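Here the structure comes first, spelled out in structure tokens, and everything after it is commentary.
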Amino acid sequence: MLYSVLIYEFEASASLLSDAENKLNLDAHHHFQAELKQGDRLKQVVRLMPTSTATSLKKSTIIDGPFADTKEQFVGFYVFEADDLDDALSLIKILPNHATLEVRPIMYYEGGDIAGKSPTIIRHP
Amino acid sequence: MQASHRPLSDILSTARPIVIAALFRYFNNMDDAEDAYQEACLRALKNWPTKTVPDNPVAWLVFVGRNVGIDQIRKTKNTTSYAILPENANISVDESEINLHNQIEIHPYHDDVLRLLFICCHPSISFEQQVALCLRIIIGMPVEEIAAAFLSKPASIAQRINRAKASIAKLAQSYEAPNAAERQARIAQVRTAIYLLFNQGYAGNHAKQHINFLECREAIRLARLLLQLAPNDTENMGLLALCLFQNSRHKARIDAHQAIIMLKDQNRKLWDKAQIVEALQIIEKALRKGSVGSFQIQASIAATHAQSIDEASTNWSEIIELYKILSQIAPSPIISLNHAAAVFTSGQINQALKLALPLKTTLNDYPYYHGLMAEIYTVLKNIPKAKNHLESALKLTKNATQAILIREKIDQL
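Residue numbers (the working numbering), protein chains in the order written: chain A, 92 to 216; chain B, 3 to 415.
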């Protein structure tokens, strides 16, 4: 079964993290990616630019900023293979725990199938 | 949050704006909030070295500061004062740690610091008072340093801050958050305050470079929150983009001796690409809306630098055009000086001299004015005048490394 894990963070506070704290987070992501690469379970890694750069369309009207004014912002997501929800939840335990993570099974997936090839590397600012 | 590997003074100064703002929300009084913060810091300095630094130093300081403050109010004022405290004032420490982040987020401003900035920028006090209050209360800048920044005496700055505090305390609406219309009116002042905070960190005192770097990050955090508050405000976009562009140069801007490296001499490979890319996206978004403001133009100037691999290949004519617009919508002697410097670098020496000469009246105490004049006269081979300006710059500079560089230039003439 394909799952996604959507990552939400309090974006403004993230800019206060020290280099050492950023490195800890990045290491956790690398650990997660390495773990999933065993058995070709990692399908996609996407890190979005901050919501400051977002533009939204509401009924074709252009609006500045992210679609929803939420307390935490959607910052990126993974697509990965897991046996079931239990498996998915146990895999994502490696990810940094300050973020809010939403696990969503994937209904349809096309393109960017990187199984067996070198996957996209996550780059933190 | 892992905090134990950082020095205590760092942890405390990083925490200051958030802790002060949270305490202010409890006590509705700036003096009480400051006293409580000071006492909490003293206790932290006493406790943390012997035990471990708490996982969330901000929550610890807020919790301790609030308890200290409650005790103090009980002792010094009559017991009815206790009623000013919110109903949830008695939550336990664990609960406080867990809830702190949520509390900050559920506030209408998403953030106590931003709320306090809006309060400090109350329209009933003068712009200078607003700035002094922001620097003193939120950043914790010593009165002496604020006085130096304002070219004023510490005593009169202290008086200015006290008067500002008093007039804010007297206001009928107390510290209630302004409504949407008032907020819009104040947002420009809040932007200026955030940019001052950023500049304080960016252009500040070298002895405290590391702390100042943290001030820059706090300013960027606030600029992000302000943009979230009004995401379609193009000047909010300009402010965030400008701070990001400048901050992206941080690693290239300081040499091994903590001295500042000028833009033209920086190793541009050290510029932080992630911040530049984000800032370029933001400014692109802002400019397509066609409502120009000074932060957007300053960000556009920074964007032109950010996209050039070195000084020679920089699009100086575009930068000069942007400075012309900027001098019209937000005239200031510093902007005129930067305009003249851009004209000089583009090779129009006489034009630069024409622009720089009238600045003597306003910038005679500013070392960079004399630096530019010396460069102009050196190119024009007027050595006595170049030397005079270098000597003035030497007298005015507060930076030892810069003084050495100026002396070298004098010797070379």
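Don't be surprised by glycine CBs; every beta carbon is placed ideally from N, CA and C. Quantities reported herein were computed from a predicted structural model and do not represent experimental measurements.
Between the alpha carbons of H391(B) and W318(B) lies a gap of roughly 25 Å. Within the region 320 to 358 of chain B, complete alpha helix (DSSP H) segments of at least 4 residues are found at 335 to 347, 351 to 358, given in chain order. Exclusion of the five residues before and after V96(A) leaves Y169, I183, L192, V194 as the residues of its chain whose Cβ lies within less than 6 Å of its Cβ.
For Q164(A), the enclosing beta strand (DSSP E) covers residues 164 to 172. A distance below 6 Å between beta-carbons, with the five flanking residues on each side excluded, links A376(B) to the following residues of its chain, in chain order: A388, H391, L392.
Under the three-state reduction of DSSP output, D257(B) falls in the coil class, being neither helix nor strand.
For L392(B), there is no enclosing beta strand (DSSP E); the residue is part of the alpha helix (DSSP H) that begins and ends at 385 to 398. Using a 10 angstroms sphere on the CB of T16(B), the tally of other CB atoms reaches 16 or more, which defines it as buried. Contact with chain A is found for P233(B), since one of that chain's Cβ atoms lies less than 8 Å from the residue's Cβ. Only those residues of the region 126 to 150 of chain A whose C-beta falls short of 7 Å from the nearest C-beta of chain B are listed: M140, P141, S143, T144, T146. In this structure, the alpha-carbon of A342(B) lies about 11 Å from that of P360(B).
In this structure, DSSP gives K150(A) a state outside helix and strand, which the three-state scheme calls coil. Judged by DSSP in its simplified three-state form, S95(A) adopts strand. The beta carbon of E201(A) is closer than 6 Å to none in its chain, skipping five residues each way along the sequence. In the DSSP secondary-structure assignment, L192(A) is bridged to I98(A).
In this structure, the beta-carbon distance from Y99(A) to F165(A) falls below 8 Å.
F101, E102, A103, S104, A105, S106, L107, L108, S109, A111: these are the residues of the region 99 to 111 of chain A whose beta carbon lies less than 9 Å from some beta carbon of chain B, given in chain order. Counting of Cβ neighbours within 10 angstroms places F297(B) among the buried residues, the total reaching 16 or more. Measuring C-alpha to C-alpha distances from P9(B) to each of R45(B), D274(B), P51(B), S329(B) identifies P51(B) as the nearest. As far as DSSP is concerned, D235(B) takes part in no beta bridge. Residues of chain B whose Cβ lies closer than 7 Å to the Cβ of D155(A) are, in chain order, P233, N234, K287.
Between T236(B) and A183(B) the beta-carbon gap is near 19 Å, outside 8 Å, which marks them as no contact.
The closest CA to that of T146(A), considering only T152(A), D175(A), P187(A), P157(A), is found on P157(A).
When the five nearest sequence neighbours on each side are left out, the beta carbons in the same chain lying within less than 8 Å of the beta carbon of H122(A) are those of I185, in order along the chain. As computed with DSSP, L133(A) is found in a beta bridge with F171(A). For a Cβ distance threshold of 8 Å, residue set M140, P141, S143, T144, P216 of chain A lies close to E280(B), ordered along the chain. For D413(B), the enclosing alpha helix (DSSP H) begins and ends at 402 to 414.
R290(B) carries a coil assignment under DSSP once its states are collapsed to helix, strand and coil. Contacts between I284(B) and chain A, judged by CB atoms closer than 8 Å, involve S143, T144 in chain order.
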